[in-house]
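Peer 1:
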Amino acid sequence: MLLGLLLLASCNKEAKQPPKSLTYEQLMFADRYESVDEAISHRDSVYKLILINKNMADLPSEVGDLYTLNTLELTYNKLADLPRSITKLRVLQSLYAGGNQFKQIPNEVLQLHNLKRIDFSDNPIDEIPEDIKELNQLEMLKLRRANIKSMDALCTLPKLQVLTLNGNEITQIPGQIQSLQNLETLHLENNKLTSLPEELLEMPNLSKVYISGNPFPENYIKQWREKHAPAFVIKY
Numbered sequence: 002m003l004l005g006l007l008l009l010a011s012c013n014k015e016a017k018q019p020p021k022s023l024t025y026e027q028l029m030f031a032d033r034y035e036s037v038d039e040a041i042s043h044r045d046s047v048y049k050l051i052l053i054n055k056n057m058a059d060l061p062s063e064v065g066d067l068y069t070l071n072t073l074e075l076t077y078n079k080l081a082d083l084p085r086s087i088t089k090l091r092v093l094q095s096l097y098a099g100g101n102q103f104k105q106i107p108n109e110v111l112q113l114h115n116l117k118r119i120d121f122s123d124n125p126i127d128e129i130p131e132d133i134k135e136l137n138q139l140e141m142l143k144l145r146r147a148n149i150k151s152m153d154a155l156c157t158l159p160k161l162q163v164l165t166l167n168g169n170e171i172t173q174i175p176g177q178i179q180s181l182q183n184l185e186t187l188h189l190e191n192n193k194l195t196s197l198p199e200e201l202l203e204m205p206n207l208s209k210v211y212i213s214g215n216p217f218p219e220n221y222i223k224q225w226r227e228k229h230a231p232a233f234v235i236k237y
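Take the sequence shown: its letters are residues 2 to 237, numbered as in my numbering.
What follows is the structure, encoded as structure tokens:
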């Protein structure tokens with residue numbers, strides 16, 4: 002009897018262990034769900050929830066019960082905030098929320114410490130929160146066509162590989178950017194840059210920098226290239 006109770010307790014304990022994140026390859030072959038109701042009916046095995054162009058102004062709080070969810074796509078809706086319950090998605094790796102009405106990156110998102118990919122492009126966001134440093138697993142961040150004026154807060158993301166900030170109001174690349182030692186691709190087209198920092202030369206993995214559509218002085222990029230002979234490619 003005692004042995005049976007111990008085994009039952011052990012099984013219950015194992016059942017409550019949080020699911021592991023899937024690899025990118027595994028996610029490619031995982032089933033995708035396109036409605037919250039359908040996903041909730043399979044809540045123990047939902048890895049991808051795709052809610053594109055659903056005309057949603059609110060995300061149902063039940064989404065927080067999808068504890069196996071790895072990818073959540075909310076692109077092209079009318080969302081301005083997210084439910085508190087989303088903080089329960091402890092293995093969420095990818096969040097795509099472009100084309101909504103967010104005025105800031107929600108605080109709930111900053112509590113999802115397993116996130117690797119975030120896209121909040123085409124939202125009226127004008128500031129990057131300091132607490133984004135809590136997302137220290139982040140590998141890709143896209144904030145295209147927003148109203149971002151400073152990228153300083155992003156220089157605290159050690160695993161960032163792709164940073165996309167084209168179509169904003171950024172006037173300078175901070176010298177602290179050299180702390181992004183894993184950054185490979187930097188998109189800053191159509192901002193308000195007039196110079197490039199020499200700290201870019203101290204980034205060993207940087208391979209491409211996109212800066213077309215900025216008001217650089219005449220011949221500035223040509224002279225910068227000749228002076229510094231960067232190892233990365235400047236797309237201008």
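Beta carbons: idealized from backbone N, C-alpha and C, even for Gly.
All values reported here derive from a predicted model rather than from experimental measurement.
Tell me the rounded alpha-carbon separation between Ser36 and Val47.
Peer 2: So the alpha carbons of these two residues sit roughly 11 Å apart.
Peer 1: Looking at Ile178 and Ile149, is the spacing between their C-beta atoms short of 9 Å?
Peer 2: Cβ distance not < 9 Å, so Ile149 and Ile178 don't count as in contact.
Peer 1: Given that a residue counts as buried once 16 or more other Cβ atoms are within 10 Å of its Cβ, and exposed if not, what is Arg33?
Peer 2: By the 10 Å Cβ count, Arg33 comes out exposed.
Peer 1: How is the beta strand (DSSP E) around Arg226 delimited, first residue to last?
Peer 2: Careful: Arg226 lies outside any beta strand (DSSP E), inside the alpha helix (DSSP H) at Tyr221 to His229.
Peer 1: Is Lys160 close to the ligand SAH? I mean its beta-carbon at under 8 Å from any heavy atom of the ligand.
Peer 2: With respect to the ligand SAH, the structure shown offers nothing to examine, as it has no ligands at all.
Peer 1: Around the Cβ of Asp123, are there at least 16 other Cβ atoms within 10 angstroms (buried) or fewer (exposed)?
Peer 2: It counts as buried.
Peer 1: Once the 5 residues before and after Glu203 are set aside, which same chain residues still bring their CB inside 8 Å of it?
Peer 2: The answer, listed in chain order, is Gln179.
Peer 1: Within the continuous beta strand (DSSP E) that includes Val92, where are the two ends?
Peer 2: Val92 -> no beta strand (DSSP E), and no H or E assigned at all.
Peer 1: Go to Val234, then tell me how far its beta strand (DSSP E) extends in each direction, as first and last residue.
Peer 2: Start and end: Val234 to Lys236.
Peer 1: For Asn13, which three-state DSSP category applies?
Peer 2: Here the model assigns Asn13 a pLDDT of 48, short of 50, so the residue's position is not dependable, and the following value carries that caveat. Residue state, collapsed to three classes: helix.
Peer 1: Taking 7 Å as the limit between beta carbons, can you name the residues of its chain near Leu139, skipping five residues before and five after?
Peer 2: The answer, listed in chain order, is Leu116, Lys117, Ile119, Leu158, Lys160 and Leu161.
Peer 1: Can you tell me whether DSSP reads Glu203 as helix, strand or coil?
Peer 2: The answer is helix: DSSP assigns Glu203 an H, G or I state.
Peer 1: Which full runs of the alpha helix (DSSP H) of 4+ residues lie inside the region 143 to 191, going along the chain?
Peer 2: For the region 143 to 191, not a single whole alpha helix (DSSP H) run of length 4 or above is found.
Peer 1: Does the separation of the CB atoms of Asn101 and Asn78 fall below 9 Å?
Peer 2: Taking 9 Å as the Cβ cut-off, Asn101 and Asn78 qualify as a contacting pair.
Peer 1: Quick one, are the C-beta atoms of Leu194 and Pro231 less than 9 Å apart?
Peer 2: Cβ atoms of Leu194 and Pro231: not closer than 9 Å.
Peer 1: Given 8 Å as the limit, is there contact between the region 168 to 187 and the region 217 to 228, that is, 3 or more CB pairs closer than that?
Peer 2: No, because fewer than three Cβ pairs between the region 168 to 187 and the region 217 to 228 fall closer than 8 Å, the two stretches do not touch.
Peer 1: Since Asp111 and Pro130 should fall inside the 8 Å C-beta cutoff, what is the C-beta to C-beta distance between them, to a whole number of angstroms?
Peer 2: Per the sequence presented here, residue 111 reads as Leu, with Asp not at that position. Contact flag correct, Cβ pair sits at about 7 Å.
Peer 1: Could you give the DSSP three-state label for Leu134: helix, strand or coil?
Peer 2: The sequence shown places Lys at residue 134, not Leu. In this structure, Lys134 counts as helix in the three-state DSSP scheme.
Peer 1: Out of Thr69, Leu207 and Leu142, which has the shortest C-alpha to C-alpha gap to Ala40?
Peer 2: Selected option, being the one with the closest Cα: Thr69.
Peer 1: Would you kindly work out how many angstroms separate the C-alpha atoms of Ile222 and Met141, rounded to a whole number?
Peer 2: Roughly 26 Å between the two C-alpha positions.
Peer 1: Leaving out five residues before and five after Gly65 in sequence, what residues of the same chain have Cβ atoms less than 6 Å from its Cβ?
Peer 2: So the qualifying residues of the chain are Ser86, Ile87 and Lys89.
Peer 1: Of all the options Asn56, Leu67, Asp45 and Glu63, which has the alpha carbon lying nearest to the alpha carbon of Leu75?
Peer 2: Leu75 has its Cα closest to that of Asn56, out of Asn56, Leu67, Asp45 and Glu63.
Peer 1: Is it buried or exposed, Ile53, if we count other Cβ atoms within 10 angstroms and call 16 or more buried?
Peer 2: Counting Cβ neighbours within 10 Å, Ile53 comes out exposed, since fewer than 16 surround it.
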